[in-house]
Each structure stands twice: as C-alpha cells, then as structure tokens.
Amino acid sequence: MTAAPTTALDERTIAHLRRRAARRHVAARIGLYAAAVTAALVCAGPFLWSGITAFKQDTDLYQRDNNPFIYNVNPTGEHVSYLFTDTAFATFAWNTLWVGLLVVAITLFLGLPAAYSLARLNRPWSGPLGIAIFFVYLVPPTLLFISLSRVVGVLGLQDSTWSLVLIYPTITIPVSVWLLIGFLKAIPKDIEEQAMVDGYSRLGAFVRTVVPLVFPGVVAVVVFAFTLAASEFIYALAFVSPTSEKVISTGVPTELVRGDVFFWQSLQASTVLVAVPIAFVFNLFLERFIAGFTMGAVKG
Amino acid sequence: MAQATLERADVETGRRARPRFADRDGLLAWVFLLPSVVYIIALVAVPFFLAIAFSFSDVTTGNPSFNWAGLRNYQRIFGDPVFWQSLKNTLVYTGIAMALIVVLGKVLANILVANFRGKWIVRFLVLLPWTTPVALSAIAWLWLLDSIFSPIDWVLREFGFIQGNMYWLGKPNLAMASVIAVYTWRTLPLAAVIIMAGLVAIPKDIVEAAAVDGAGFWRRMFEVTIPFTLPVIAVAALFGAVITFTDMTVVYLLTGGGPTHSTQVLASWAFIKGIEGGDLAQGAAVALFLFPLLLAAVIAILTAVRRMEVS
Numbered sequence: 050m051t052a053a054p055t056t057a058l059d060e061r062t063i064a065h066l067r068r069r070a071a072r073r074h075v076a077a078r079i080g081l082y083a084a085a086v087t088a089a090l091v092c093a094g095p096f097l098w099s100g101i102t103a104f105k106q107d108t109d110l111y112q113r114d115n116n117p118f119i120y121n122v123n124p125t126g127e128h129v130s131y132l133f134t135d136t137a138f139a140t141f142a143w144n145t146l147w148v149g150l151l152v153v154a155i156t157l158f159l160g161l162p163a164a165y166s167l168a169r170l171n172r173p174w175s176g177p178l179g180i181a182i183f184f185v186y187l188v189p190p191t192l193l194f195i196s197l198s199r200v201v202g203v204l205g206l207q208d209s210t211w212s213l214v215l216i217y218p219t220i221t222i223p224v225s226v227w228l229l230i231g232f233l234k235a236i237p238k239d240i241e242e243q244a245m246v247d248g249y250s251r252l253g254a255f256v257r258t259v260v261p262l263v264f265p266g267v268v269a270v271v272v273f274a275f276t277l278a279a280s281e282f283i284y285a286l287a288f289v290s291p292t293s294e295k296v297i298s299t300g301v302p303t304e305l306v307r308g309d310v311f312f313w314q315s316l317q318a319s320t321v322l323v324a325v326p327i328a329f330v331f332n333l334f335l336e337r338f339i340a341g342f343t344m345g346a347v348k349g
Numbered sequence: 029m030a031q032a033t034l035e036r037a038d039v040e041t042g043r044r045a046r047p048r049f050a051d052r053d054g055l056l057a058w059v060f061l062l063p064s065v066v067y068i069i070a071l072v073a074v075p076f077f078l079a080i081a082f083s084f085s086d087v088t089t090g091n092p093s094f095n096w097a098g099l100r101n102y103q104r105i106f107g108d109p110v111f112w113q114s115l116k117n118t119l120v121y122t123g124i125a126m127a128l129i130v131v132l133g134k135v136l137a138n139i140l141v142a143n144f145r146g147k148w149i150v151r152f153l154v155l156l157p158w159t160t161p162v163a164l165s166a167i168a169w170l171w172l173l174d175s176i177f178s179p180i181d182w183v184l185r186e187f188g189f190i191q192g193n194m195y196w197l198g199k200p201n202l203a204m205a206s207v208i209a210v211y212t213w214r215t216l217p218l219a220a221v222i223i224m225a226g227l228v229a230i231p232k233d234i235v236e237a238a239a240v241d242g243a244g245f246w247r248r249m250f251e252v253t254i255p256f257t258l259p260v261i262a263v264a265a266l267f268g269a270v271i272t273f274t275d276m277t278v279v280y281l282l283t284g285g286g287p288t289h290s291t292q293v294l295a296s297w298a299f300i301k302g303i304e305g306g307d308l309a310q311g312a313a314v315a316l317f318l319f320p321l322l323l324a325a326v327i328a329i330l331t332a333v334r335r336m337e338v339s
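Chains as they are written, first to last, in the working numbering: chain A, 50 to 349; chain B, 29 to 339.
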C-alpha cells in the first residue's frame, strides 16, 4: 500500500467501494421512503376511503360491482350538508369541545400543583404517591362505569353532559401529572431558588417562575388530555342518552344509525371532519409530547 | 434591604399575612397535592369499592335497593358459558394485539425517527388512527368491512381471489381477526410515539461508536437500539396490555360481541349485562373479574420500573 501510491488497482477498488456504498445508501433511502409511504397508507387508508365515500351518491355507493375508489356517478355534497342541517352533529361537536376544554382546565388546575408537589417539594412520600397516582390509570372505566353510573345518578347528573366534565378528569389527571412531573424536573432548580433568594415565597416562585417555564409542557399535556377526553366512549355511552347532551363519540354512532339504516356518507364525513383537526394539532406538539414522556420515564 | 424586598414581594402576591404558609414546603406539598388525591379517591377509589359491594348484591337499574346476595352473582357467572368464552376471547385478543403492537410499533417508531422529506405529513397521517375518537374510526372500519360493499372484498374479487363476499364480521374467526386488526391499527401510533421517546433518549455517541466500529443496520438494531429501549418498551407493553385487556369499544361497535359471542370480551359482556341488561350486580361481578389480572400486571410493571431504576 505505502510502496505503490495509488496504483490502478487501488483506484479501481476505491471507486468500486465508493459505488457500492452509494448504491447501498440509495437502497436504504428507497427502503425508508417505501416504508414511510406504506405506514402512512395503512394508518390513513380508512380515512381516505371515508373521504371518498362521504361525497358519493346512493346510486353509486350501493352498487356492489362499482369501483369503490372512484366516482362512477358525479360526487355530491348533500350528505355532508345533511350532517349539519338534519342531524345534531354540530351540537355533538360543540359538546365535545366544551367538555374537553373544561376537563383540560380542571386537569391542569389540580394536576399542575400536584405534579409540582411530587417533583419538587421532596416529601418522603413523594415517590410512592407519584407511582400510586400513575397506577390509577390502570383502574379502567370498564371496572368503574357501573358503580359510577350510580354515583352520577345520586348527584343528579344522569343524562347530563356535566357528568362527563366531572368524571373525565379521573382519566386525565393521572397521566397529566406523570407527564408534568417530567417537564418540571427538566427545569433547573436554581431558577426557583434564585427567585426565592430574591424574596419570593415558595408559592410566589412557583407562580412567577415555574409556571411560565413549564408552559411548553403544559401545552403538550393540554393536547393529550383533550384527545383522551374526546375519545372516551364507555362513560359517555353509559351516562348520557338524550341527543342534545351527547358528545361526538357517542352521538355519531348512535344518532346516524337508525335501526338497520346507516347514513354511511354522513357517518364517514363526520369521521374525517373530526379526525383531521385533532391529528393536525397533535402533530404540532408531537415533539414536546415525546420530550415529556422521555423526561418522565427516564429520569423518573 | 432583604426585608424590604420580601415585603414588596408579599404585597405583590397579596399574601402579606401568610408568608410563612407559602414558605412551608411540607404544608404546601399537601395543599398542592390534596385536591387531586381527594378527587381521585372520591371518583375512583369509592366507586371501585362500590363495584365490589354491587357484585355481592342484587342491584338492578329497575330496583336500586341494596340487598345482600352473597356469592350468587359469581355462581351465576361461572355457570354461564358466555363468561368463559369472553374470558378466553379477552386473553386471545390481548395477547395477539399486544404482540403485534409492540413489534409493529417498534418498526413504525424507527421509520418516524428517521430523516426524510415529507416527514411532517407522514407523521400526521400515522397519528390519525390514535387521535381520532375510537368510536368514529370504528365506524370507518365498519364500512370498510361491510358485508356487501367492502372495498377490500371488491379488490379481492377483481384479482379473482374470491367470488362473493368475505363477511369479515360475520364469521367467528374472521370477526375476531378483524377486531384484533382494528384495535392494533388504532393503538399502533401511540405505541410508536412511546417507543420513539425511548429511541430519542439513547445516547447518540453509543450508536455512532457502533457505526464507526462497522456495525451494520441490523446489528446496531439488535445489539444497541433494542437493548437500550427494552425497559421503555416493556413498560409501554404492560400498560398497553392493561388498556387492551379492558377495552370494549372496538368490539362493541364492530360486532357487538357477535356472531354468537365469538368476539365477546369481558368488558363488553359486562357492559351488555350491566347497562343494557340493567343487571348492575352481575355486570359489576363480570367487570371485577378483570381486577386480579390487572393486579398481576401492576406488580409486573412495578418490578420492571424498579429494575429500570437500578440499571
């Protein structure tokens, strides 16, 4: 090697190796793109199909041998507008929205101080209690809905959307506390200590320095908690039956299916209309959410 | 000087009279924590014990008075073949779904942490199944698996694999497979996101060192990435198993437990008995049967977490 600098053979070998590395690189890239496209199609495929269905005319839809992926008859928007004019879809959406927002507010109001207490105030019981709160997540709605339906009845909230506002925080608080502990631990202690040296009380330091700094984490928790509240099905089904009080999760499958008659196009339209905005917002905060999970899990 | 600053701060926060309270960490820790603890005790712990009480009573929606019934509910459940069918289905459902979710979730997480163009849109599309309320995505699937107009059947017919229809939700084994597939599809994104968190936390230099040493993709995968993310994956898998174990939404909406209870799981059976049938006592007894198995999972998770903290 050293005796004969760059012989013809060496050059050829190097060129060959380089080409092979380049080929491998290209193959890896193609593989990656193929995998990404496949994943996206598998995950979003049903929604794509829903989107196509939503604009189909009955004569097109209910023909077994029509190609289901194209419009054999002109598309129509009537089933989408039906959703808004003839069903309570707008009411369901509004109920889901305000229930979700109130649940998020309750979750933060109770969960943020609890997380701070567990993350920072160093009581001997902090560790075990933190784990205990997290394990509440493991006592699922399926175990509780029967007795809770009685509790809800006793409180006079049966058939009222407010029952969901009351019950959903039991699902969102444990997860949120866990995530918030992660975010709080990522804030350097010095900042609060500095604030306390400057004359703030512990409470003052929490309100003035910690809350603003943990804000990005709070946003991630808000999105996560809202998604959980919007997805919940069992409690909503068990507690609330009047149409005007229902949320999207129960309203759409129960009100747009009348006996054996499925309003397929309108059902599919509602799925897409709800799915897209939530996924969009969630995606915006995905990185933060991952960061929160890492901090909570790894440095627990 | 210090005194002056302190007073100013107290005036600002409006807590002049109670600086000592606000500075006592121990008291503050309780005050901060108590509301959450009370909330959860009132609406999780109390209903939980109420459910246990229900299961030993004869409470129905029609007759809500509480009468002691001893073990009669449990006897009736154990004598019911549907219960044993549901238990078996629950175990099959959880086992297969979790295996698929962990393996595919790892693959999906690896795709999503890679760098490529259009990553944002791929992530958005991949998140859809999980962020959409499960009731709505189940409806999308109900139409996708329709007995007559299923586009999957149409494609299979075009290729000449089948003549008529598959009746995805109409045949016992096929219905079970469909329910598992839909549940896996829905939960996969969450698993991928959690595993991504584990992947992101792997120290970069270790992976790079392995690459410099000539370890190829698969070798890095099996000797660096997987061992490092295993604790996160294990905890996520156990949690996932608990959630899968107690899920009823997909089953309830797709098949209602049918055909003839072949996809019935304990959770959906408890709902059908307790809420739709109005027999709160029996519903509670069926639901409670989930608990010993959940407890086993909790112990497993605790052990895993402990081991993680040690290493």
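Think of the CB as a built atom: it goes at the ideal place given N, C-alpha and C, for glycine as much as any other residue. None of these values were measured; they are calculated from a predicted model.
Between G188/B and S206/B, the alpha-carbon positions lie close to 21 angstroms from each other. Nearest neighbour of V150/B by Cα position, chosen from Y82/A, S130/A, R337/A, turns out to be Y82/A. R307/A is bridged by DSSP to V310/A.
Scanning the segment 253-295 of chain A for uninterrupted alpha helix (DSSP H) segments of 4 residues or longer gives 264-280, 283-288, listed from N- to C-terminal end. Contact annotation, A274/A with S225/A: C-beta distance approximately 5 angstroms; criterion of less than 8 angstroms satisfied. In the structure shown, the three-state DSSP call for S99/A is helix.
The contact set of Y67/B on chain A, defined by CB atoms closer than 9 angstroms, consists of I155, L159, P218, T219, I222 in chain order. Neighbourhood of P75/B in chain A, by CB distance below 7 angstroms: L193, S196, L197, V200, in chain order. Burial of P217/B is indicated by the presence of at least 16 other C-beta atoms within 10 angstroms of its C-beta. Distance from A264/B to M126/B at the Cβ level is roughly 10 angstroms; contact not present, criterion being Cβ atoms closer than 8 angstroms.
Membership of E186/B in the alpha helix (DSSP H) is indicated by the continuous run 179-186. For P217/B, the residues of chain A that pass the 8 angstroms Cβ criterion are C92, in the order they occur in the chain. Residue pairing by DSSP places W96/B opposite S85/B in a beta bridge.
Straight-line spacing of the CA atoms in A254/A and P75/B works out to 37 angstroms.
Judged by beta-carbon spacing, V154/B lies beyond the 9 angstroms limit of A219/B, meaning their Cβ atoms are not closer than that value. For I222/B, the uninterrupted alpha helix (DSSP H) run begins and ends at 200-228, by DSSP.
Residue burial annotation: Q103/B is exposed, with fewer than 16 other C-beta atoms found within 10 angstroms of its C-beta. Out of A84/A, V75/A, L110/A, the CA that lies nearest to the CA of Q317/A is found in L110/A.
Only those residues of the segment 287-321 of chain A whose C-beta falls short of 7 angstroms from the nearest C-beta of chain B are listed: A287, I297, S298, T299, V301, P302, W313, L316, Q317, S319, T320. Counting along the chain, A137/A sits inside no alpha helix (DSSP H), nor does DSSP assign it H or E at all.
If you ignore the 5 residues before and after L115/B, its C-beta comes within less than 7 angstroms of the C-beta of L294, all in its own chain and listed in chain order. Look at R145/B here: in three-state DSSP terms it is coil, with no helix or strand label. According to the DSSP assignment, Y280/B belongs to the alpha helix (DSSP H) that extends over 277-282. A buried status is given to K295/A, since no fewer than 16 other beta-carbon atoms sit within 10 Å of its beta-carbon.
Within the same chain, and ignoring the five residues on either side of V321/A in sequence, the residues whose Cβ sits closer than 8 angstroms to its Cβ are F96, S99, G100, A103. Q310/B sits in a helix when the DSSP states are folded into three classes. In this structure, DSSP gives I339/A a helical state, which the three-state scheme calls helix. The beta carbon of K238/A is closer than 8 angstroms to those of R169 in its chain, skipping five residues each way along the sequence. For N117/B, the secondary structure class from DSSP, reduced to helix, strand or coil, is helix. The beta-carbon separation of S280/A and F138/A, rounded to 17 angstroms, does not stay under the 8 angstroms limit for a contact. Only exposed fits E186/B, as fewer than 16 other CB atoms lie within 10 angstroms of its CB. In this structure, V270/B keeps its C-beta atom at 9 angstroms or more from the C-beta atom of S296/B. Counting only runs of at least 4 residues, the segment 144-218 of chain A fully encloses the following alpha helix (DSSP H) elements, listed from N- to C-terminal order: 175-184, 190-203, 211-216.
Three or more beta-carbon pairs drawn from the segment 199-218 of chain A and the segment 280-289 of chain A are found closer than 8 angstroms, and the two stretches are therefore classed as touching.
Contact between the segment 306-316 of chain B and the segment 79-90 of chain B is present: three or more C-beta pairs spanning the two stretches fall below 8 angstroms. Not one beta carbon of chain A lies nearer than 9 angstroms to the beta carbon of L128/B.
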